Amino acid sequence: MIRFRQGFYADVRVEDRFTTSIRYRNGSLEESRSSSVRKAFIRVFDGKMWYYASTCKTDDIQGELDRLYGAATPDYSVYEHPAISRLEVHNKSVMHYGGNCVKDVPIESKHALLTQKFPVLTDSDYVKMSTALYADRYSVYQFYSSKGSAIRYDYQLCGAVFAASFGDGANTFDNRCDFTACTFDELSVTDEKVREMVAEGENFLLNAKPVTPGSYPVILSPVVAGVFAHESFGHKSEADFMIGDETMRREWELGKKVGADILSIYDSGTIPGSGYVPYDDEGTKARKTYLIKNGVLSGRLHSAVTAADLGEDLTGNARAVSCDYEPIVRMTTTVIDGGNKTAEELFANISHGYFIKSYKHGSGMSTFTIAPSLAYEIVDGKIAGPAKIAVITGNVFETLNLIDGLSDRVETFSFITGGCGKMEQAPLNVGFGGPYVSISKMNVS
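Written out as structure tokens, the structure reads:
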């Protein structure tokens, strides 16, 4: 039982996290470990300053809380503060995985998921190195606040990655395939997909042609469209970038036309997968927040502090990578809405351009950059041969206005490796997705 004092706002979040990590390289086991950790993060606000503590001594949460109280000064009107008055109160338990928890899956089954695919993973004379990894995580979160919140929910994700490095003399190429699910039973790791990854990697190694740098029509696959939305627009929507920056506020004024009429982008913590956050780390309930609606800037992502500073509503985007850190404004799952065309119709409209099927990495604020992994030339409305593309790039607002087609089918993606980085907090689990996106002109090199 946590005893909160009058004259302060305070909250406590506790996470019990279980993880597994298994890695094989060239068929040899490099890592196999499971671990459990329990930590707490405690905040006190006295109307002027936040006081923080992170601890593994979860049997002394009250002691840590009392020490923070001792450093602060009471303010009996603290609940009238614009940030604190916005904070929600919820009493809810949202538990999904009690009967199918990855903690209960034998480690031997997790190893077998990988080792059974070794013959397929190395079924090419051009595979010089292979990697197979499995990872999972199960977390139980608890959140308590002096306003009366008492929240408990669980989070789970598991997945496998199979990667191959191909070589032919000095020519090299890397390819991979990912499998991710919320439960081990749902993790469908197929020989077919691993075999396709190997065949496609070999094809790129032997047949990919360098692109002539220039400006071309481009179609992004749903996963690349998702990373484009995340990197080129999602980060710009995190409202803490605007605090104290009048130039950014003017550039990011709600109601401003920022993209094509067909374009809508939203962020939501309600989508199952790696970006699932039913309540953020300030106890705010997840909701769907449109960042762009029909080409118009319609929202941004907030913590209580940024919402108060900008005079806007909470969005459920105050997140910390773990109980070692304070919550800051972060994305959850960021998605481009679908359109009214089929993917085939989008391709049919392009006489010469490029299809970006997968990516290595991306970054961006006012200018975005995506480094493709798999890319193909488009010729006369059809996917042609593989293309070597180092980077696609452009100005964010210009590119958003050049979107001229969206497929009617939207896919969302979860990832068991990697994650989003911001400040010192990385990697944070996020998701993203979208339809096939046609852009009339992008810089390709």
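Position in the sequence shown counted from 1, then plus 1140, gives you the numbering used here.
Built from N, CA and C at the ideal position, the CB exists for glycine as well.
Please read these numbers as outputs of a predicted model, since none were measured by experiment.
* Asked: Among all the DSSP beta bridges, which residues are the ones paired with CYS1560?
  -> LEU1568
* **Host alpha helix (DSSP H) of GLY1210 (start-end)** => 1201-1211
* Asked: Whole alpha helix (DSSP H) runs in the stretch 1214-1292 with 4 or more residues, listed along the chain?
  -> 1222-1226, 1247-1255, 1258-1261
* Asked: What residues in its chain sit with their C-beta under 7 Å from that of ASP1520, if we drop five residues either side in the sequence?
  -> SER1491
* Asked: Considering only the beta carbon of each residue, do LYS1349 and GLY1456 sit closer than 8 Å?
  -> no
* DSSP state of MET1582, grouped into three classes? -> strand
* Asked: From ARG1390 to ILE1476, what distance separates their C-alpha atoms?
  -> 24 Å
* If we count the other Cβ atoms within 10 Å of its Cβ and call it buried at 16 or more, is LYS1197 buried or exposed? -> exposed
* Would you give the residue range spanned by the beta strand (DSSP E) that GLY1092 belongs to? => A query on residue 1092 cannot be resolved here, the shown segment of the chain reaching from 1141 to 1585 and no further.
* Below 8 Å between beta carbons: does that hold for GLU1155 and ILE1162? -> no
* Are the beta-carbon atoms belonging to VAL1584 and TYR1494 less than 8 Å from one another? -> yes
* Taking Cβ positions, are ALA1400 and GLY1435 nearer each other than 8 Å? -> yes
* Asked: When DSSP builds the beta bridges, which residues end up paired with PRO1512?
  -> TYR1499
* To do: Please specify which runs of the alpha helix (DSSP H), each continuous and at least 4 residues long, are wholly inside the stretch 1400-1459, giving them in chain order.
  => 1444-1450
* Cα-Cα separation between SER1289 and GLU1340, rounded to whole angstroms -> 51 Å
* **Of the residues ILE1579, GLY1307, PHE1306, GLU1332, the one placed nearest ASP1318, counting alpha carbons only** => GLU1332
* Asked: Does the Cβ-Cβ distance between GLN1296 and TYR1237 come in under 8 Å?
  -> yes
* Around the Cβ of GLN1256, are there at least 16 other Cβ atoms within 10 angstroms (buried) or fewer (exposed)? -> exposed
* **Residue from MET1582, PHE1555, ILE1359 whose Cα sits closest to the Cα of ALA1483** => ILE1359
* Can you tell me whether GLY1366 is buried or exposed, with buried defined as 16 or more other CB within 10 angstroms of its CB? -> buried
* Examine the Cβ distances between the stretch 1179-1193 and the stretch 1229-1236 and report whether three or more of them are shorter than 8 Å. => no
* Are the C-beta of GLY1423 and some C-beta of chain B separated by less than 8 Å? -> Included in the structure is just one protein chain, with no chain B present.
* Asked: With distances taken from CA atoms, which of LEU1346, VAL1338, ILE1291, ASP1325 is nearest ALA1310?
  -> LEU1346
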